[in-house]
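Chemist: Chains as they are written, first to last, in the working numbering: chain A, 1 to 177; chain B, 178 to 354.
Glycine included, each C-beta is placed from N, C-alpha and C at the ideal position.
What follows is a single structure, and I will ask about it in a moment.
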């Protein structure tokens, strides 16, 4: 089974059909997606700011991170579910959409940044947990996280402005009617 | 209002926003990123009132950490929101969701200012457990934000969401999602 045929079967599924034909499904699912994505960004932003050492460093990094990331994961799960529903509705179009692909790439980079932070920098958290100025590797992870998540949101919004008419018009086609 | 919308759409600023491909998606992206900052700041304040987040810190500390970000975020949203309205005045002014959003926004801002005035001074010194009425009030503000975010996305789907109540001529999301 090729990737293209998997995408086609997603588009042909019952839930995709429901997303396309139900009048209110798309606006409701989109609104929940925006809310979930904004919550993902907002909660991660608080953790990132703590990594950068402001605006309030009386609370330790680990404490803020533990408090926020449980909200982040719930919101991320909701965003993933609603995003999958939106993708299913027009899977073929999204699959070849450049903005969609860049969004997925940015999501991958966000995950990579988080994984590197978790596996490398976070191992020494005991040494800097309460510091108002975490080490430079941690601050770099914070800056990258803010930039990459903002990029995810930008490409996500861009998709809506390209969907359906993003193609190069062929110049060497002879139409025969 | 229709005449005003059309004359606004004829201004050079509006024509620039309409004419340059990336301006509206960029403005919408900044708007959504800022929703994350404002909504999560408001969520943190509400959860503190409910005793579910940072219950070990005095309310005033939590308020002073998040309220400035909330107000600054609202200013950014006001600026990007006004530019989006100038760019697509007919789309916004004919949408029921737009006017409901503006009305609920005014209520949410007044309610949040009141919450800060009443509790940030009264609870400055010590950690306070709030009365059930205060928790309901804080929860109500959160519900308002959820409704505002939903209505914001629903502007693009006025006919689908409001049916015959909508005065928008045709589904608008085809031209501007």
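Compare the C-beta of residue 326 of chain B with all C-beta atoms of chain A and state if any pair is closer than 8 Å.
Modeler: Cβ-Cβ to chain A under 8 Å: yes for residue 326 of chain B.
Chemist: Count the other CB atoms within 10 Å of the CB of residue 18 of chain A; is the residue buried (16 or more) or exposed (fewer)?
Modeler: The residue is exposed, with fewer than 16 neighbouring Cβ atoms inside 10 Å.
Chemist: How would you write the range of the alpha helix (DSSP H) that residue 88 of chain A sits in, first residue to last?
Modeler: It spans 61-89 - the alpha helix (DSSP H) in which residue 88 of chain A sits, taken as one unbroken run.
Chemist: Along the region 128-155 of chain A, what residues have a CB closer than 7 Å to any CB found in chain B?
Modeler: Within the region 128-155 of chain A, the residues whose Cβ lies closer than 7 Å to some Cβ of chain B are 150, 153, 154, listed in chain order.
Chemist: What three-state label does DSSP hand residue 48 of chain A in the structure shown?
Modeler: DSSP places residue 48 of chain A in helix when its eight states are reduced to three.
Chemist: Under 8 Å, do residue 155 of chain A and residue 103 of chain A count as touching if we go by C-beta distance?
Modeler: Yes, they are a contact pair.
Chemist: At 4 residues or longer, and completely inside the region 248-291 of chain B: list those alpha helix (DSSP H) runs for me, N to C.
Modeler: Entirely contained in the region 248-291 of chain B, the alpha helix (DSSP H) runs reaching 4 residues are, in chain order, 266-270.
Chemist: Which residues in chain B sit within 8 Å of residue 124 of chain A, going by Cβ to Cβ distance?
Modeler: Those do not exist, as residue 124 of chain A stays about 26 Å from chain B at its closest Cβ, beyond 8 Å.
Chemist: Under 8 Å, with one C-beta from each stretch per pair, do the region 40-60 of chain A and the region 4-13 of chain A reach the 3-pair mark?
Modeler: No: fewer than three Cβ pairs fall under 8 Å.
Chemist: Return the first residue and the last residue of the alpha helix (DSSP H) that residue 17 of chain A is part of.
Modeler: That run of the alpha helix (DSSP H) goes 14-21.
Chemist: Does the structure place the region 122-137 of chain A close enough to the region 57-64 of chain A that three or more beta carbon pairs sit under 8 Å?
Modeler: They touch, by the three-pair rule.
Chemist: Taking the CB atoms as reference points, tell me whether residue 321 of chain B and residue 280 of chain B lie closer together than 8 Å.
Modeler: In this structure, residue 280 of chain B does not lie closer than 8 Å to residue 321 of chain B by Cβ.
Chemist: Pair every Cβ in the region 106-116 of chain A with every Cβ in the region 25-37 of chain A, then say whether three or more of these pairs are closer than 8 Å.
Modeler: Touching, no.
Chemist: DSSP three-state label for residue 189 of chain B, please.
Modeler: Helix.
Chemist: With distances taken Cα to Cα, identify the nearest neighbour of residue 333 of chain B among B/186, B/195, B/267, B/233.
Modeler: Taking only the C-alpha atoms, the option nearest residue 333 of chain B is B/267.
Chemist: Just to check my reading of the structure: residue 240 of chain B and residue 222 of chain B have Cβ atoms closer than 8 Å, yes? What is that Cβ distance to the nearest angstrom?
Modeler: With 8 Å as the limit, residue 240 of chain B and residue 222 of chain B qualify as a contact, their Cβ atoms being about 6 Å apart.
Chemist: Check each candidate in A/143, A/157, A/3 and name the one with the smallest Cα separation from residue 44 of chain A.
Modeler: With distances taken between Cα atoms, residue 44 of chain A lies closest to A/143.
Chemist: Taking residue 30 of chain A as the query, report the chain B residues whose CB atoms sit under 7 Å from its CB, ordered along the chain.
Modeler: By Cβ distance, chain B contributes 330.
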